[in-house]
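Reviewing the structure listed below.
Protein chains: 2
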Amino acid sequence: VEGLRLLEEIFDSDFKLEHLFYCPPSTLSERARTFLNRCHEANIPVEKIDRTTLNRLSDTIHSQGFIGVAKIPRSTPETVTHSSGHNLVALNNVKDPGNLGTIIRTAGWFGLDGVMLSKTSVEFTNPKVIRASMGAVFHLPIYPDVDLSRQLNHFIKNEYRIFSADVHAEKSIYDIDFGRRNVFIFGNETSGIDAPLRALSTSVKIPRFGKAESLNVAISAGIILSEFKRRH
Amino acid sequence: VEGLRLLEEIFDSDFKLEHLFYCPPSTLSERARTFLNRCHEANIPVEKIDRTTLNRLSDTIHSQGFIGVAKIPRSTPETVTHSSGHNLVALNNVKDPGNLGTIIRTAGWFGLDGVMLSKTSVEFTNPKVIRASMGAVFHLPIYPDVDLSRQLNHFIKNEYRIFSADVHAEKSIYDIDFGRRNVFIFGNETSGIDAPLRALSTSVKIPRFGKAESLNVAISAGIILSEFKRRH
Numbered sequence: 001v002e003g004l005r006l007l008e009e010i011f012d013s014d015f016k017l018e019h020l021f022y023c024p025p026s027t028l029s030e031r032a033r034t035f036l037n038r039c040h041e042a043n044i045p046v047e048k049i050d051r052t053t054l055n056r057l058s059d060t061i062h063s064q065g066f067i068g069v070a071k072i073p074r075s076t077p078e079t080v081t082h083s084s085g086h087n088l089v090a091l092n093n094v095k096d097p098g099n100l101g102t103i104i105r106t107a108g109w110f111g112l113d114g115v116m117l118s119k120t121s122v123e124f125t126n127p128k129v130i131r132a133s134m135g136a137v138f139h140l141p142i143y144p145d146v147d148l149s150r151q152l153n154h155f156i157k158n159e160y161r162i163f164s165a166d167v168h169a170e171k172s173i174y175d176i177d178f179g180r181r182n183v184f185i186f187g188n189e190t191s192g193i194d195a196p197l198r199a200l201s202t203s204v205k206i207p208r209f210g211k212a213e214s215l216n217v218a219i220s221a222g223i224i225l226s227e228f229k230r231r232h
Numbered sequence: 001v002e003g004l005r006l007l008e009e010i011f012d013s014d015f016k017l018e019h020l021f022y023c024p025p026s027t028l029s030e031r032a033r034t035f036l037n038r039c040h041e042a043n044i045p046v047e048k049i050d051r052t053t054l055n056r057l058s059d060t061i062h063s064q065g066f067i068g069v070a071k072i073p074r075s076t077p078e079t080v081t082h083s084s085g086h087n088l089v090a091l092n093n094v095k096d097p098g099n100l101g102t103i104i105r106t107a108g109w110f111g112l113d114g115v116m117l118s119k120t121s122v123e124f125t126n127p128k129v130i131r132a133s134m135g136a137v138f139h140l141p142i143y144p145d146v147d148l149s150r151q152l153n154h155f156i157k158n159e160y161r162i163f164s165a166d167v168h169a170e171k172s173i174y175d176i177d178f179g180r181r182n183v184f185i186f187g188n189e190t191s192g193i194d195a196p197l198r199a200l201s202t203s204v205k206i207p208r209f210g211k212a213e214s215l216n217v218a219i220s221a222g223i224i225l226s227e228f229k230r231r232h
């Protein structure tokens, strides 16, 4: 986890900051000083590193100089099955870390209850995902490595409605009826949603009014979740 | 412009392909052969390059081996003033090329009539913008270097309604009335929309239902343009 803003959010989450590396800047901001004090009070090992080491650890070009290692609270498919969450996002083979982070951020904004990831999706612990989520990854239950077919069958038995975002669908997201409990599936950037998952769900489209061939998957997720919350 | 898919789209646009560099792969696909024939017929200079030169020219890690140079049909603020387009996007200081490209792609999907860019926004000719737009940049009028205050005043006199996406707005995008002609302003990733532009417009928000602090600017644009088209 890189950058003060994201590191601060760990303290208010179920993640556990285990180690902090920092490359002391020429002057330490008030915010940085407060954060270092907080680490000290929480007995988190703080290790000074030089610029060369920082650049080796860092994922960004202009690093602020603060990099932390945090322990992830593992959410398993079993916890999603027994969660009290009634509206979830399921991601089938989403590969781009920016897209995954942005979808988590958006699901957090709209108050969804969690995000399930197929085994083939990019890992949510990828630093680019954490960054694009703007910290939402710390506050929303993320369920990695989920066998989506199995999980969706379980949800269907429990009266969830399952929707697939599909550019070729007949039904428009503006017209469909949502359930009391819902799962929204979004698929791969190129190939969309796998056929077995589509077969378990109602395909919905975002109507097109112009010439572009498709929408970015995170944009589709934003539009569909907005439409859901507007009417739910 | 990099990659066969994007290069093909240039031919159906007002952009003019002026030069093609390509690094011959071990086997040339049918699609690549067709494209090279098309370049030949259009008298476009085609230059073979080696892998080292390709990597120097390329902006991606796994280049497909096709890079073109295209002439941009310059749209000026004057052309936007006299355009027949009645629904436009205005971007005030949007800095991330991925966000700009995605917003152009989304504006293309929803059939907006063009995208105006403030002088301080990232250049739309940035290869990352072209890529994220998935070619939409070739089919939608883009107006760079626009003095937005001046331009918006002109639009207001011509009975356009101007909306600013603002996380702190009182009015919800789900409730406001759109005009017959509309401009939608989206702002900087960190600082939002400049005060003088906000003063010329109606601020609208996307209601929050969860805990996340903000939405990505391209997601906001997607949701607002979707809501507009749904009701317009």
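Chain order of the listed sequences is X and E.
When the letters of the first sequence are read in order and numbered with our numbering, they come out as residues 1 to 232.
When the letters of the second sequence are read in order and numbered with our numbering, they come out as residues 1 to 232.
Where a beta carbon is used, it is the ideal one built from N, C-alpha and C, also for glycine.
For residue i: DSSP bridge partner residues
i: X:I46; result: According to the sequence provided, residue 46 of chain X is Val. The question's Ile does not apply to it. Its beta-bridge partners are X:L20.
i: X:L117; result: X:L91
i: X:G192; result: X:N188
i: E:T202; result: E:F163
i: X:K171; result: X:V204
i: E:E2; result: E:I67
Unbroken beta strand (DSSP E) run spanning residue i, endpoints
i: X:T125; result: First-last for X:T125: undefined, no H or E at that position.
i: E:N158; result: E:N158 -> no beta strand (DSSP E), and no H or E assigned at all.
i: E:F184; result: 182 to 186
i: X:S226; result: First-last for X:S226: 217 to 231, but that is the alpha helix (DSSP H), not the beta strand (DSSP E).
i: E:I142; result: 142 to 146
Alpha-carbon to alpha-carbon, residue j and residue i
i: X:L215; j: X:L100; result: 15 Å
i: E:R198; j: E:S164; result: 6 Å
i: X:I10; j: X:P73; result: 11 Å
i: E:S13; j: X:R181; result: 45 Å
i: E:H168; j: E:E213; result: 11 Å
i: E:G210; j: E:E30; result: 50 Å
i: X:H139; j: X:G108; result: 8 Å
i: X:V183; j: X:D175; result: 17 Å
i: E:E47; j: E:E123; result: 27 Å
i: E:R38; j: X:A90; result: 42 Å
i: E:I130; j: E:P97; result: 9 Å
i: X:F239; j: X:A42; result: There is simply no residue 239 of chain X to check, as chain X begins at 1 and stops at 232 in what is shown.
i: E:S84; j: X:H154; result: 53 Å
i: E:F178; j: E:G114; result: 17 Å
i: E:L200; j: E:L152; result: 7 Å
i: X:P25; j: X:S63; result: 11 Å
i: X:L28; j: X:I103; result: 34 Å
i: E:I156; j: E:S133; result: 29 Å
i: X:I219; j: X:K95; result: 15 Å
i: E:D50; j: X:D59; result: 30 Å
i: E:T106; j: X:F110; result: 20 Å
i: E:H135; j: E:V69; result: The question names His, but residue 135 of chain E in the sequence shown is Gly. Spanning the two alpha carbons is a distance of roughly 14 Å.
i: E:R208; j: E:E18; result: 48 Å
i: E:S226; j: X:R231; result: 14 Å
i: X:Y22; j: X:I67; result: 6 Å
i: X:T34; j: X:K128; result: 26 Å
Among the options, the one whose alpha carbon lies nearest that of residue i
i: X:S191; options: X:G98, X:A70, X:S121; result: X:S121
i: X:K16; options: X:D96, X:E213, X:I44; result: X:I44
i: E:K229; options: E:D194, E:T202, E:N93, E:L88; result: E:L88
i: X:N92; options: X:Q151, X:E41, X:D194; result: X:D194
i: X:L54; options: X:G114, X:M116, X:E41, X:L20; result: X:L20
i: X:N188; options: X:V217, X:S83, X:M134; result: X:V217
i: E:I142; options: E:T79, E:L152, E:F186, E:I173; result: E:T79
i: E:K119; options: E:S133, E:T76, E:F110, E:S84; result: E:T76
i: X:M116; options: X:I224, X:A70, X:L6, X:S149; result: X:S149
i: X:D166; options: X:K205, X:S201, X:L152; result: X:K205
i: E:T125; options: E:P25, E:G65, E:D145; result: E:D145
i: E:A32; options: E:E18, E:T52, E:L6; result: E:L6
i: E:S203; options: E:K171, E:E8, E:F35; result: E:K171
i: E:G3; options: E:G65, E:N158, E:E227; result: E:G65
i: E:D147; options: E:T81, E:I223, E:G222; result: E:T81
Span of the alpha helix (DSSP H) around residue i
i: E:H139; result: E:H139 -> no alpha helix (DSSP H), and no H or E assigned at all.
i: X:A212; result: That residue, X:A212, is in no alpha helix (DSSP H); it is neither H nor E in DSSP.
i: X:T52; result: 51 to 57
i: E:F35; result: 30 to 41
Ordered list of beta strand (DSSP E) runs contained in the stretch 59 to 96 of chain E, each at least 3 residues | If we require 3 residues or more, the beta strand (DSSP E) runs fully inside the stretch 59 to 96 of chain E come out as 66 to 71, 87 to 91.
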